[in-house]
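In this text, residue positions in the sequence shown follow the working numbering: the first is 3, and each later residue adds one. See below for the structure under consideration.
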Amino acid sequence: MFELWREDIQVVKDRDPACRSTWEVLLCYPGFRAVRSHRLAHALWQGRFRLLARWLSERSRRRTGIEIHPAAVIGRRVFIDHGSGVVIGETAEVGDDVTMYQGVTLGGTGKEKGKRHPTIRSHVMISTGAKVLGAIEVGEGAKIGAGAVVVHPVPAHATVVGIPGRVVRRHGQPVHEEEDLEHGNLPDPVQEKLAEISRDVAKLAVRLATLERRKGASNVDQSA
Ligand SMILES: CC(C)(COP(=O)(O)OP(=O)(O)OC[C@H]1O[C@@H](n2cnc3c(N)ncnc32)[C@H](O)[C@@H]1OP(=O)(O)O)[C@@H](O)C(=O)NCCC(=O)NCCS
3 MFELWREDIQ
13 VVKDRDPACR
23 STWEVLLCYP
33 GFRAVRSHRL
43 AHALWQGRFR
53 LLARWLSERS
63 RRRTGIEIHP
73 AAVIGRRVFI
83 DHGSGVVIGE
93 TAEVGDDVTM
103 YQGVTLGGTG
113 KEKGKRHPTI
123 RSHVMISTGA
133 KVLGAIEVGE
143 GAKIGAGAVV
153 VHPVPAHATV
163 VGIPGRVVRR
173 HGQPVHEEED
183 LEHGNLPDPV
193 QEKLAEISRD
203 VAKLAVRLAT
213 LERRKGASNV
223 DQSA
């Protein structure tokens, strides 16, 4: 537990250039307090003290402006800067070393049941006011731009901006407009090549059959 606190303090000092001391983290960073409170609320939730867990989470929301459902899974060294208006839903999962700013929502679309909140992989940065909605995955090292509304999965190391969110950078390199967030729908070059080959094979089979028919017919003529 103390090791986690030490990490939580260090991460604020590492990621916020405005932070000058450990005391400042302890006294002035609502994100630090919210994450610390969530760890206890989450343990209570897992121990089936659900009402107590909800009460603790609600108390933390009143004090910090950050609402984290006690069932949400939050990784290590997660830094919520400023914090006001952050909402993290019940089935959200947040990996290690994630940074998020004020006004971020990890929410549901209102259309799903069960797992209905996003999974945020490690080293993701979610900028101020961004909304990530639904049971989608945001890949490792991705960046979500300020004010973006993201409703499709985000590949690792991509930058997504706008409404609806679209990928504008991958590994820091610009991405062409036609590439969108639905990578399952991108053309598959291997599949396309296989389809081309099977079309060619079918054509050859027809030609072979024709040639064999002709050869058979000429053999009959010669023997007659
Ligand atoms: C998205 C962001 C993280 C930058 O990521 P990046 O990978 O370095 O991307 P770039 O800055 O190279 O921007 C990529 C493109 O998206 C555009 N863009 C960047 N942020 C954008 C945003 N929030 N909304 C719309 N477009 C945006 C840029 O203009 C650029 O467009 P271009 O290709 O036409 O030039 C950053 O712009 C951002 O939103 N930061 C906000 C951080 C924050 O919340 N700070 C609050 C502190 S209190």
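Ideal Cβ placement from N, Cα and C applies to all residues, glycine included.
Distances from the CB of Gly164 to the heavy atoms of ligand 1 include at least one below 7 Å.
Remark: C-beta atoms of Val106 and Ile122 do not approach each other more closely than 8 Å. A contact between stretches requires three or more CB pairs, one per stretch, nearer than 8 Å, and the segment 128–143 meets this requirement with the segment 106–116.
Note: Leu135 is bridge-paired with Gly109 in the DSSP secondary-structure output. With respect to Gly85, Thr66 sits close: the two C-beta atoms are nearer than 8 Å. Beta-bridge partners assigned by DSSP to Lys145: Met127, Thr161. Beta-bridge pairing by DSSP links Phe81 to Thr101.
Here Pro120 is near Ala94, since their CB atoms are less than 8 Å apart.
Within the same chain, Ile82, Val88, Ile128 come within 7 Å of Met102 by CB-CB distance, once the 5 residues on both sides are set aside.
Boundaries of the beta strand (DSSP E) around Glu69: 68–70. The three-state secondary structure of Val37, taken from DSSP, is helix. Residue environment analysis places Arg79 among the buried positions, since at least 16 neighbouring C-beta atoms fall within 10 angstroms of its C-beta.
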